[in-house]
Amino acid sequence: MKNLNTLLAGIFLAVALPFGALVIGSQVQLGSLGRAPAEEGGPLFPSREPGLAIQGRAVYVSLGCVSCHTQQVRPAGQGSDIARGYGVRPSVARDYVLQKPVLLGDRRVGPDLANYGARAKDLEAVHAAIKHDGAFAFLYAGDKKTVATERALALAAYLQSLRQDYSSPEAKLKQ
Amino acid sequence: MTQENRSGRPQGRPPEGDARLTRTEAQLRGPFLLFFVSAVVWLLAASVLGVIAALQQGSLANGPFRGCELLTYGHVAAAQRNLFVYGWGFNAFFALNLWLLSQLGRFELRNGWLATLGGAVWNLALTYGVIQVFAGNQGGFGLLEFPREVGPVLAVAFLLAGFWPIVAFARRPTGHTFASQWFVVAASFAFPLTYLLAQLIVLWQPASGVVQAVAHSWFVSNLLLLWFGASALAAVYYFLPKVLGRTINGYYLAPVAFWSYVLFAGWTGPAALLGAPVPLWVQSIGVVAGAMLLVPVIITAINFHGTLSTEGGWSRAWNDTTLRFVSFGAVAFTLFGVVNALFGFRGYNATVRFTSFAAGQEQLLTYAFATMVLFGAAYFVLPRLTGALWPSAKLVHVHFWATALGALGALAALLIGGWQEGKQLADASVSLAQVAKVGSAWNAALIVSAILLLVGHVAFALNAFGMILKSSAPASAGRHD
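As you go down the protein sequences, you meet chains A and B in turn. Under my numbering, the residue at position 61 of the first sequence is numbered 61, and the numbers go up by one with no gaps. Under my numbering, the residue at position 18 of the second sequence is numbered 1018, and the numbers go up by one with no gaps.
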């Protein structure tokens, strides 16, 4: 313990081994995941996001929405996510391959949004939800704050693009 | 350990310090005070933001800052956490770790200007980062929210400001080493490695999909356990025997505590990802590592609480300002280890997942343990460096009671409140609005606690700044008391 080199070598391993195993290991296992059809010849999922939705993701990140909203559906038996209607199946790694950054989140002050696009009724409902009873009215213009700004439009497009209601090779939906 | 102890000093007791301001201390006085003052300024800023965050979270619909884009919870919470961690936690441990290893290794900091430069760069980069967070340029990963150009600057600043303890360890004149030294060396070496790797794989060359989340969880656990945890453990190992004037109980176990802590800490991160769409083996490793972390937690409990339990140690600790804070922290660390292991398990974790519970666990480590230990250390070190006395005993009392009660209140609100919230969330028939209604009582407790913490920190800052301003002792003159 009085030898600095031994000490530093030990500490280096304590940092490098978990990094190698957990991070590089996950990358080896999941790094080649891409979009895939649930069945031979079917459409590829997850779908590509429209350009406006990609802008909307940037708005979502910049407002720190991730501090109150998660985007992950846990398997049945771990919480009530599916019973609450947050999704029809647990989230799988493939659902996130197009997302930069991945916004899993770790706090639910508000509802989970992994499938928000699938359960939102229409665009009007999405904008009502974004306003949070007026707390986020700054995203809207006009006297009565009814005119959506560019940011609100992008955010709404992003929220509508969030869906994990398709079959994928790891998580088939029951027909 | 016995063969290493050639100095004839009793084991488990740090070397005696000089009563006068030693050359060692005179050399590091400048950088130390820079780190310390900036730490306290950031702590005050973080506490103000803490109050705002508590107000914003509890009442999104009708808070006083309703509709203010700058102060949305997403901005305030991120800025608060970053200022607390990088502003207070890092600056304060830069100061304390440097002082500790200079003392233990009789190290004279000849190139103090480098440390000062590092501190200045660190604080400038931090200021820029926080402004960017408020301006809406924040990232999506907790504690990596700053725009990515801040990362390399912080890393360089860390090497300038935070690497001196390792130099001090390398240049120490004696062969004997003490537990505090191992922990500080671990903290000073593990953080820059972790930070650079995390920056690389989360921000600069993002790994694919959810691997980002795995890397992020690894980064956060290293930051919390290996920087905050290890640095604060070093301080407890130093101050307990130093102030009580006796050896650490069961000190021969300390090397086991050190190695098990360092080796298990890095694997605990994925326990924060239970149920997430990441490989199951990754999640399981996190849970097992959290349980294995009980080994160092139990050993440090034997070391710390055993030492405090002999010969009226607890009552002496209560009557000594430094030890009152430090032993509060030592108890908090044991509690943290137990909570961390227990709530890693799938059943409990599924209940508290996505509630305030995780924030409570983090506060248990970074505030109730590390910050309280830092306060205790300040009461010991500052009078030596400034040659002055603490101006007001009343403010010391206000500081202790406000921070202790504030910490307990916040922990109760986050942990117990989180547990209740989780119980309700687990029942799909309870709507989110009903959950929020029950949580509003805990939110009120959180607001009161945040105000208490702010009061405590203001009292501490007044006392400390008053003392630094009052001290007329020039750096080279030595202490007159």
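Glycine included, each C-beta is placed from N, C-alpha and C at the ideal position.
Does the Cβ of glutamine 1434/B have 16 or more other Cβ atoms within 10 Å, making it buried, or fewer, making it exposed? Label assigned to glutamine 1434/B: exposed.
Can you say whether histidine 1480/B is buried or exposed, counting buried as having 16 or more other CB atoms within 10 angstroms of its CB? Residue confidence is low: histidine 1480/B scores 41 on pLDDT, short of 50, so the model does not pin down where it sits. No coordinate-derived value is stated.
Can you list, in chain order, the stretches of the alpha helix (DSSP H) that have 4 or more residues and sit fully within the region 1351-1397 of chain B? DSSP runs (the alpha helix (DSSP H)) wholly in the region 1351-1397 of chain B: 1357-1363 and 1372-1386.
Give the list of continuous alpha helix (DSSP H) stretches no shorter than 4 residues that lie fully inside the region 86-121 of chain A. Listed in chain order, the complete alpha helix (DSSP H) runs (minimum 4 residues) inside the region 86-121 of chain A are 116-119.
Which residue comes first and which comes last in the alpha helix (DSSP H) that contains phenylalanine 1325/B? Residue range 1321-1342 is occupied by the alpha helix (DSSP H) that includes phenylalanine 1325/B.
Buried or exposed for glutamine 1205/B, going by 16 or more other Cβ atoms inside 10 Å? So glutamine 1205/B counts as exposed.
Between Ala1388/B, Ala1265/B and Val1295/B, which has its C-alpha nearest glycine 1229/B's C-alpha? With distances taken between Cα atoms, glycine 1229/B lies closest to Ala1265/B.
Between the region 1343-1358 of chain B and the region 1423-1433 of chain B, do at least 3 Cβ pairs fall closer than 8 angstroms? With three or more CB-CB distances shorter than 8 angstroms, the region 1343-1358 of chain B counts as touching the region 1423-1433 of chain B.
Let's test the definition: count the other Cβ atoms within 10 Å of the Cβ of alanine 1235/B and tell me whether it reaches 16, buried, or not, exposed. The C-beta of alanine 1235/B has 16 or more other C-beta atoms within 10 Å across all chains shown, which makes the residue buried.
Report yes if the CB atom of phenylalanine 1158/B is closer than 8 angstroms to the CB atom of tryptophan 1122/B, and no otherwise. Here phenylalanine 1158/B is near tryptophan 1122/B, since their CB atoms are less than 8 angstroms apart.
At least one CB of chain A closer than 8 angstroms to the CB of asparagine 1222/B: is that the case? Chain A, which has a Cβ nearer than 8 angstroms to the Cβ of asparagine 1222/B, makes this yes.
Same chain, Cβ closer than 6 angstroms to glycine 134/A, five either side skipped, listed in chain order: Spatial neighbours of glycine 134/A in its own chain (CB-CB distance under 6 angstroms, excluding positions within 5 residues in sequence) are not present.
Let me check understanding here. Comparing Cα to Cα, which of Lys144/A, Leu7/A, Arg57/A and Ala36/A lies closest to alanine 156/A? That would be Arg57/A, whose Cα lies nearest to the Cα of alanine 156/A.
Cut-off 7 angstroms between Cβ atoms - residues of its own chain near arginine 1023/B, not counting five sequence neighbours on either side: Cβ neighbours of arginine 1023/B within its own chain (closer than 7 angstroms, five residues either side excluded): Glu1108.
Is DSSP giving glycine 1275/B helix, strand or coil here? In the structure shown, glycine 1275/B sits in coil (DSSP, three-state: anything other than H, G, I, E or B).
How is the alpha helix (DSSP H) around methionine 1467/B delimited, first residue to last? Element bounds for methionine 1467/B: 1432-1470.
Residues of its chain near phenylalanine 1183/B, where Cβ-Cβ distance is below 6 angstroms and the 5 sequence neighbours each way are ignored: Within the same chain, phenylalanine 1183/B has close Cβ partners Ala1230, Leu1233 and Ala1234.
Collapsed DSSP secondary structure at tyrosine 1261/B in the structure displayed: For tyrosine 1261/B, the three-state secondary structure derived from DSSP is helix.
Going by alpha carbons, who is nearest to alanine 1388/B out of Phe1375/B, Met1467/B, Gly1118/B and Glu1362/B? Shortest Cα-Cα distance from alanine 1388/B to any of Phe1375/B, Met1467/B, Gly1118/B and Glu1362/B involves Met1467/B.
Alpha carbons only, please: which of Tyr60/A, Val61/A and Ala93/A is nearest the one belonging to valine 73/A? Per the Cα distances, Ala93/A.
Sorted by chain position, which residues of the same chain lie with C-beta nearer than 6 angstroms to tyrosine 166/A's C-beta, five sequence neighbours on each side aside? Within the same chain, tyrosine 166/A has close Cβ partners Phe45.
Taking the alpha-carbon positions, what's the lysine 2/A to alanine 38/A distance? Lysine 2/A and alanine 38/A: Cα-Cα distance of roughly 59 angstroms.
Distance cutoff 8 angstroms, beta carbons only. Does phenylalanine 1134/B sit that close to anything in chain A? Judged by the 8 angstroms Cβ criterion, phenylalanine 1134/B is not in contact with chain A.
Could you give the DSSP three-state label for alanine 1045/B: helix, strand or coil? Three-state result, alanine 1045/B: helix.
Around the Cβ of histidine 1399/B, are there at least 16 other Cβ atoms within 10 angstroms (buried) or fewer (exposed)? When all chains shown are included, histidine 1399/B counts as buried.
Would a C-beta distance cut-off of 8 angstroms place valine 1150/B and alanine 1125/B closer than the cut-off? Result yes, Cβ atoms of valine 1150/B and alanine 1125/B sit closer than 8 angstroms.
State the CB to CB distance for the pair serine 161/A and glutamate 49/A, rounded to an integer number of angstroms; the pair is presumed to be in contact (CB under 8 angstroms). Contact between serine 161/A and glutamate 49/A is confirmed by a C-beta separation of about 5 angstroms, below the 8 angstroms threshold.
Does any residue of chain A have a CB that is nearer than 8 angstroms to the CB of arginine 1148/B? Closer than 8 angstroms: no.
Three-state class that DSSP yields for leucine 4/A in the structure shown: Of the three classes helix, strand and coil, the one that applies to leucine 4/A here is helix, per DSSP.
Using only the alpha-carbon positions, how far apart do valine 1326/B and threonine 1300/B sit? Annotation: valine 1326/B to threonine 1300/B spans about 13 angstroms, alpha carbon to alpha carbon.
Local conformation of valine 180/A per DSSP, three classes: Outside the displayed span of chain A (1 to 175) sits residue 180/A, for which this structure offers no information.
Under the criterion of a Cβ to heavy atom distance below 7 angstroms, does tyrosine 1073/B qualify as lining the ligand MG? Within the structure as shown, the ligand MG is missing, as the structure has no ligands at all.
Isoleucine 1447/B beta carbon less than 8 angstroms from that of alanine 1054/B: Cβ atoms of alanine 1054/B and isoleucine 1447/B: closer than 8 angstroms.
Determine whether the Cβ of glycine 64/A lies closer than 8 angstroms to any Cβ atom of chain B. It does: the Cβ of glycine 64/A has a partner Cβ on chain B nearer than 8 angstroms.
Residues in the region 36-49 of chain A with C-beta within 8 angstroms of chain B's C-beta atoms, listed in sequence order? Result list empty, no residue passes.
Contacts of tryptophan 1218/B in chain A (Cβ-Cβ under 9 angstroms): Within 9 angstroms Cβ-Cβ: Pro18, Phe19, Leu22 and Val23.
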